[in-house]
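Quick note: the sequence shown uses the working numbering, first residue 246, plus one each step. This report refers to the structure that appears directly beneath it.
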Amino acid sequence: MLVVLVLTAPDNVERRDTLRATWLRPRGGSPPPARHWFVLGGAALPSEQHSRLLAEQSRHGDLLILPHVTDAYTQLTEKVLAAFVWLGAHSRHQYVMKCDDDTFARLGPLLTELESAPRSRFYMGFFDGRARPRRTGKWAEPSWDICDLYLPYALGGGYILSGDLVSYLATAAPHLRRFNSEDVSVGAWLAPLAIERRHDPRFDTEWESRGCDNRHLVTHKHSVAQMTEMQRTLERRGVLCDKEKRIRGSYVYNASVPPSQCCKRVTDTSLP
């Protein structure tokens, strides 16, 4: 039903092993609830690094090494799109989740949520419609000239696409304009399409975590130790957090107003 694409870097072995041992691990001898791939760029890798990755692949069989993509932050969009193209040729799936190797997800509740979701034309995550393009720094988008704001997009710590949208992007790949931020790019590519964009505050997928909330389905920007502790807490108590905490507010995306007015944060705990 679900394929999980985890963007990672060649040297992030500890992070990959942590995800394999926590939320991606099959339970009780059952088949894994989702097929996962750790996505890496394989172009121009040093031979020693490439050899280590091949050894890791022989142990786990879950690395998607893209031979024509350089593994660099500036190539994240190319990396995601190349993974979509590969999936289109090698995988059958109803949904695809893209996340990072510092993301933790509760696959059981997430799959339950998807059971009642549309099977096509579906885009789910934590959306923003009022973000202004940056011209300097790590997230700079010097070539963004479509409008003065980014088009509404689901933030890249974790989002879900129905399989038909992944196939659409794979087919259209030669014609798609690449921007530096992969999540911004996906939002722009899908902007003209008649699809359901489902904003879900249970996706804690912004540039920093909003805290720990037992309602979260996907949460981002966590250390190896934090993800290990989340898994222990889930196994011991059946909840994500030993103690819930709020770092910053959340919001409901208001699609009835212009995107620049979409997203007003609330400081109380009514939203995850």
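Glycine is no exception: its CB is placed at the ideal position from the N, C-alpha and C atoms. Because the structure is a prediction, the values reported are computed rather than measured.
In the three-state reduction of the DSSP assignment, Phe448 falls in the strand class.
Look at Ser407 here: in three-state DSSP terms it is strand. Non-local beta-carbon contacts of Thr473 in its own chain, meaning distances under 8 Å to residues more than five positions away in sequence, involve Thr263, Ala266, Thr267 in chain order. Judged by DSSP secondary structure, Met475 falls within the alpha helix (DSSP H) whose first and last residues are 469-482. By the beta-carbon neighbour count (other beta carbons within 10 angstroms, threshold 16), Arg477 is exposed. Note that the C-beta distance between Pro446 and Phe329 is not below 9 Å. Across the set Gly408, Ser365, Lys466, the C-alpha of Gly408 shows the shortest separation from the C-alpha of His335. In the structure shown, Lys490 falls within a strand segment according to DSSP collapsed to helix, strand and coil.
DSSP lists Phe349, Asp449 as the bridge partner or partners of Thr464.
Counting the other Cβ atoms within 10 Å of the Cβ of Cys507 gives 16 or more, which makes it buried. Assigned with DSSP and collapsed to three states, Ala317 falls in coil, not helix or strand. Less than 9 Å separates the beta-carbon of Met369 from that of Arg443. Counting only the Cα atoms, Arg491 lies some 15 Å from Lys466.
By the 16-neighbour rule on beta-carbons within 10 angstroms, Lys488 is exposed.
His461 and Pro419 do not touch by the CB rule: their CB atoms are close to 37 Å apart, not below 8 Å. The beta carbons of Ala433 and Phe424 sit about 7 Å from each other, so the pair counts as a contact at 8 Å. Val284 carries a strand assignment under DSSP once its states are collapsed to helix, strand and coil. Residues Tyr340, Met342, Met369 of the same chain have their beta carbon placed closer than 6 Å to that of Ile405, with the five preceding and five following residues left out of the count. Check the Cα spacing between Cys486 and each of Gly333, Glu441, Cys457: the tightest is with Cys457.
For Gly432, there is no enclosing beta strand (DSSP E); the enclosing alpha helix (DSSP H) covers residues 427-435. Within the model, the alpha-carbon separation for Trp384 versus Ser426 is close to 7 Å. Under the three-state reduction of DSSP output, Ala334 falls in the helix class.
CA-to-CA, the gap between Asp393 and Gly273 works out to about 51 Å.
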